[in-house]
Amino acid sequence: MCVEWALPTPGLSIALVSQGAPPPAALAHFRTRQVGRRSDVRPDDDVLLFHGPGAAHAVRGFRLTAGPGLPPAAVLAPRLDWDDVSMALDHGATSYLVETSPGPRLLAEALDLTSQGATVLAPVVVEHVKAARRSRTGIARQRPCPDAAGRLSPRERELMARLTSGDTVPEIAAGMNLTQKTVTNYLSRIYQKLGARSRSDAILRWLGVLEIQAA
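The sequence shown begins at 8 in our numbering and counts up by one.
Have a look at this one:
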């Protein structure tokens, strides 16, 4: 079945931190405003978008984790740089996109989802995570990072194994004989223990791709 995606809310406001690169054409559908520092971001901005090479350094400079007051942040990088991915997620970015992956509609959809607090990772990032996991763990690639596993209860470890395999919250609830609310509560505790801010962030730390932050 072919689905035609409509563009998200045209009024979405993007605070753009550009790293010497012209804004992508897809941003023409949104209200964009160049910002240079944290204090330039306004309360009505929906997404803080870091664009250009080495954008993660700008993410770090904005101190996203220093406290409330900033909208969800996304990075749009010209190419995949795994060090840049790790730095961006470690310093509070919600989503990480690569210009070679999304077309205009997919980029617009990703920014719309990010504005709602959802995490969106470019397919090439996900594939890189899988490759790194396989190369490091070999036959035992299904095993989590020992540090991550040691921080969680047996029930939480089971939940993370299901989450990593791609199960949704309803599927996890059905498979573990739990309510969806209980699964959500488990996830909140897991995020706290792993120092994660989202499902994708928790999965990356569970697999040992990102370092676990001190609780």
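Even glycine gets a Cβ: it sits at the ideal position worked out from N, Cα and C. Quick caveat: nothing in here was measured; it's all calculated off a predicted structure.
Contact check, residue i vs residue j, beta carbons under 9 Å
i	j	result
A22	D52	yes
V132	L87	yes
S25	P79	no
M167	A209	yes
T101	S205	yes
L114	P31	yes
A180	T189	yes
Where the beta strand (DSSP E) through residue i begins and ends
i	result
H64	From DSSP, H64 is part of no beta strand (DSSP E) but of the alpha helix (DSSP H) over 62-69.
R169	Where R169 is concerned, there is no enclosing beta strand (DSSP E), although the alpha helix (DSSP H) it sits in stretches over 161-171.
A80	80-84
S46	No beta strand (DSSP E) contains S46, which DSSP labels as neither H nor E.
V24	20-25
Residue i versus the options, residue with shortest Cα-Cα distance
i	options	result
V42	L34, K200, F57, A32	F57
A28	G61, R44, T186, S20	G61
G157	A181, T186, I197	I197
G68	M183, H98, S93	H98
T175	D90, T191, R162, S160	T191
V127	I219, V54, P31	V54
V48	L217, L113, F37, G76	G76
I219	S93, R38, K188, L120	S93
F37	E178, G182, R112, L159	R112
R162	N184, W89, A81	N184
Anticipated Cβ contact below 8 Å, residue i with residue j, distance rounded
i	j	result
L214	C152	6 Å
R45	R70	6 Å
L211	L96	7 Å
D91	A63	4 Å
Y103	A129	6 Å
For residue i, the three-state DSSP class (helix, strand or coil)
i	result
C9	With a pLDDT of 32 at C9, under the threshold of 50, the modelled position of this residue cannot be trusted, and the question is left open.
R38	strand
V54	strand
L214	coil
V87	Residue identity differs from the one stated: residue 87 is Leu in this sequence, not Val. Residue state, collapsed to three classes: coil.
A28	coil
S205	coil
S122	helix
For residue i, the first and last residue of its enclosing alpha helix (DSSP H)
i	result
L104	It is not in any alpha helix (DSSP H) - L104 instead sits in the beta strand (DSSP E) that spans 102-105.
L77	From DSSP, L77 is part of no alpha helix (DSSP H); its letter is neither H nor E.
Q187	187-201
D154	153-158
V223	Any property of residue 223 remains undetermined from this structure, which presents the chain solely from 8 to 222.
G182	176-183
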